[in-house]
Amino acid sequence: MNVLFVIHYPVFGGPHNQALLLARSLGRQGVEMTVLLPDEPGNAADRIRAAGVDVVTMPLHRARATLHPAHQLRFLVGMRSEVGAIRRLIRDRAVDVVQIGGLLNPHAAIAARQEDTPIVWQILDTRSPMVLRRVMMPLVLRVSDMVMTTGRAVADVHPGAAGLGERLGRFYPPVEPEVFSAEHGDRDTARAELGFRPEDLVLVSVGNLNPQKGHEYLLRAAALARRTRPAIKVLVAGAPHPTHREYEEGLHRLAGELDLEVGKDVVFAGALSDVRPVLAAADVFVLASVPRSEGAPTAIEEAMMMELPVVATDVGAVREVVEDGRTGLVVPPLDAQALAGAILRILGDHELRTSFGTRGRVRAIEHFSAEECARVHLEAYEYVLRKCRPARTDIGAVG
Numbered sequence: 004m005n006v007l008f009v010i011h012y013p014v015f016g017g018p019h020n021q022a023l024l025l026a027r028s029l030g031r032q033g034v035e036m037t038v039l040l041p042d043e044p045g046n047a048a049d050r051i052r053a054a055g056v057d058v059v060t061m062p063l064h065r066a067r068a069t070l071h072p073a074h075q076l077r078f079l080v081g082m083r084s085e086v087g088a089i090r091r092l093i094r095d096r097a098v099d100v101v102q103i104g105g106l107l108n109p110h111a112a113i114a115a116r117q118e119d120t121p122i123v124w125q126i127l128d129t130r131s132p133m134v135l136r137r138v139m140m141p142l143v144l145r146v147s148d149m150v151m152t153t154g155r156a157v158a159d160v161h162p163g164a165a166g167l168g169e170r171l172g173r174f175y176p177p178v179e180p181e182v183f184s185a186e187h188g189d190r191d192t193a194r195a196e197l198g199f200r201p202e203d204l205v206l207v208s209v210g211n212l213n214p215q216k217g218h219e220y221l222l223r224a225a226a227l228a229r230r231t232r233p234a235i236k237v238l239v240a241g242a243p244h245p246t247h248r249e250y251e252e253g254l255h256r257l258a259g260e261l262d263l264e265v266g267k268d269v270v271f272a273g274a275l276s277d278v279r280p281v282l283a284a285a286d287v288f289v290l291a292s293v294p295r296s297e298g299a300p301t302a303i304e305e306a307m308m309m310e311l312p313v314v315a316t317d318v319g320a321v322r323e324v325v326e327d328g329r330t331g332l333v334v335p336p337l338d339a340q341a342l343a344g345a346i347l348r349i350l351g352d353h354e355l356r357t358s359f360g361t362r363g364r365v366r367a368i369e370h371f372s373a374e375e376c377a378r379v380h381l382e383a384y385e386y387v388l389r390k391c392r393p394a395r396t397d398i399g400a401v402g
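Take 4 as the starting number for the sequence shown in my numbering and just add one per residue.
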């Protein structure tokens, strides 16, 4: 079976990690995966290729989660040629199933329909404004053979998805338990290399430097918590991006305003091919994402695998990943005071911190392992190949 996984983003993130791990796990079951990425600056193509996964790049415009007409015009102008290129790739690679990562970009769906190829359309987060969800979901429901969402909460906020019956599949991003294990992390070495002392209390967040990750709320929460625990430090691992340069610069300015010295009290570690050292160095994992952002965050699952207690904002499907009061604490978004309170609660109770970490790994192995994710996806592929209608609905002669 040949699967084409189309992702319209060049910077490595959750969908790319999913593609990499699925290709590895499904390859052992006879599934060959090709990943299609935009031909733009970014680290995703190199990281996926380095893992031995087939990657193709080509010009791929993407819709933005905005109603600004200039952005959407550029997207529409390039669609015809890009759909045609994807159709040729489907034929050249003898693709059996097209998997689409993200709501807003229909290029691969149009190409797959015109090539009579089954479609698994994945909705990965809650970032898109509701008006765009209402625009896109009729197309998704009409042309896809299966819709997959990262958790129940993501399906619930996309009109029509929850009522799809057997055409709706739910999954959680994959993590390899044998790779993400506290036994593989040298805490002392990691702390020393990152400039932290043994007595420091390190809060870690893993997420690219963009506004949806809410890193500014983490910085504000850390500054509040340091009034009680001055040893608190912040470690942020995430790739910068040219389109979010102003946001990145704003984080540095905010750190200064909060008397957090960059490089000492706050460390921006940048893009890392291996986040295990930063997780090993940490005492608490913090996700401060804002509303309309996440699905089920891979970074939380990795932290749980590494037996870290979690503090996370109540966005997307976070409550399906973190059991509030058992593997971590879930707090309202956009609330630095709530984040600070949860952080201090965990740091002030060693037994609680340990139990959260232990239970977190057990839960992550059961629900978020790469093998479990591969099983769910293989069932989806087999379903669409078995149930796919021989007669396709015409959606227009694009390409």
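The beta carbon of each residue, even a glycine, is placed where N, CA and C say it ideally should be.
If the criterion is Cβ atoms closer than 8 Å, does the pair residue i and residue j meet it?
| i | j | result |
| --- | --- | --- |
| Val38 | Val58 | yes |
| Gly319 | Ala299 | yes |
| Cys376 | Leu23 | no |
| Met36 | Ser184 | no |
| Ile235 | Leu197 | no |
| Val9 | Val34 | no |
| Leu311 | Gly344 | no |
| Pro176 | Gly17 | yes |
| Ile51 | Val86 | no |
| Glu297 | Asp159 | no |
| Val282 | Gly188 | Before going on, a small fix: residue 282 reads as Leu here, not Val. Yes. |
| Leu107 | Met139 | yes |
| Gly45 | Val379 | no |
| Ile368 | Pro180 | yes |
Output needed for residue i: all residues of its chain with C-beta closer than 7 Å, excluding positions within five of it in sequence on either side, in chain order.
| i | result |
| --- | --- |
| Ala88 | Met61 |
| Leu347 | Ala228, Thr231 and Arg232 |
| Ala341 | Val334 and Pro335 |
| Ala111 | Val9, Ile89, Val101 and Ile103 |
| Arg77 | His64 |
| Thr330 | Met307, Val313, Phe359, Arg362, Gly363 and Arg366 |
Give the DSSP bridge partners of residue i, in chain order.
| i | result |
| --- | --- |
| Gly104 | Ile10 and Gln125 |
| Met149 | Val123 |
| Met36 | Val6 |
| Met61 | Pro41 |
| Ala240 | Val209 and Gly273 |
| Ser372 | Val178 |
| Ala345 | DSSP, once it has assigned bridges, lists no residue as partnering Ala345. |
| Asp327 | Gly331 |
| Ala52 | One point to set straight first is that residue 52 is Arg, not Ala, in the sequence displayed. DSSP lists no partner for Arg52. |
| Ile235 | Leu204 |
| Phe288 | Val207 and Val313 |
| Arg279 | According to DSSP, which records beta bridges pairwise, Arg279 is partnered with nothing at all. |
Can you find the residues in the same chain that come closer than 6 Å, C-beta to C-beta, to residue i, ignoring five residues on each side of it along the sequence?
| i | result |
| --- | --- |
| Glu385 | none |
| Arg194 | Ala284 |
| Asp397 | Residue placement at Asp397 is poorly supported in this model, since its pLDDT is 44, which falls under 50; the coordinates still yield a value, given next. Same-chain partners within the cutoff: there are none. |
| Lys216 | Gly210 and Ser292 |
| Ala48 | Leu40, Val58 and Thr60 |
| Cys391 | Pro121 and Asp148 |
| Asn213 | His247 |
| Phe271 | Val239 |
| Pro3 | Residue 3 cannot be examined here, being either before or after the span of the chain that is shown, 4 to 402. |
On the criterion of 16 or more Cβ atoms from any shown chain inside 10 Å, does residue i qualify as buried, or is it exposed?
| i | result |
| --- | --- |
| Gly168 | exposed |
| His255 | exposed |
| Leu79 | exposed |
| Met133 | exposed |
| Asp148 | buried |
| Gly105 | buried |
| Gly351 | exposed |
| Gln125 | buried |
| Asp191 | exposed |
| Gln102 | buried |
| Leu388 | exposed |
| Pro280 | buried |
| Arg94 | exposed |
| Pro109 | buried |
| Asp42 | exposed |
| Thr153 | buried |
| Val56 | buried |
| His353 | exposed |
| Ser28 | buried |
What whole-angstrom Cβ distance do residue i and residue j have, given they're in contact under 8 Å?
| i | j | result |
| --- | --- | --- |
| Val325 | Val313 | 5 Å |
| Val178 | Ala373 | 6 Å |
| Asp286 | Leu204 | 5 Å |
| Arg137 | Pro162 | 6 Å |
| Tyr220 | Ala339 | 5 Å |
By Cβ distance below 8 Å, which residues in the same chain neighbour residue i in space, the five residues on each side in sequence not counted?
| i | result |
| --- | --- |
| Gly259 | Val265 |
| Arg322 | Ala156 and Val333 |
| Leu3 | The shown model of the chain, from 4 to 402, leaves out residue 3, and the question about it has no answer. |
| Val278 | Val209, Ala240, Ala302 and Glu305 |
| Asp317 | Val333, Val334, Pro335 and Pro336 |
| Arg170 | Ser147, Asp148, Met149 and Val150 |
| Met4 | Gly33, Val34, Glu35, Asp99, Val100, Tyr384 and Leu388 |
Please confirm whether residue i has its beta-carbon closer than 8 Å to some beta-carbon of chain D.
| i | result |
| --- | --- |
| Asp286 | Given the protein chain composition of this structure (a single chain), no chain D is represented. |
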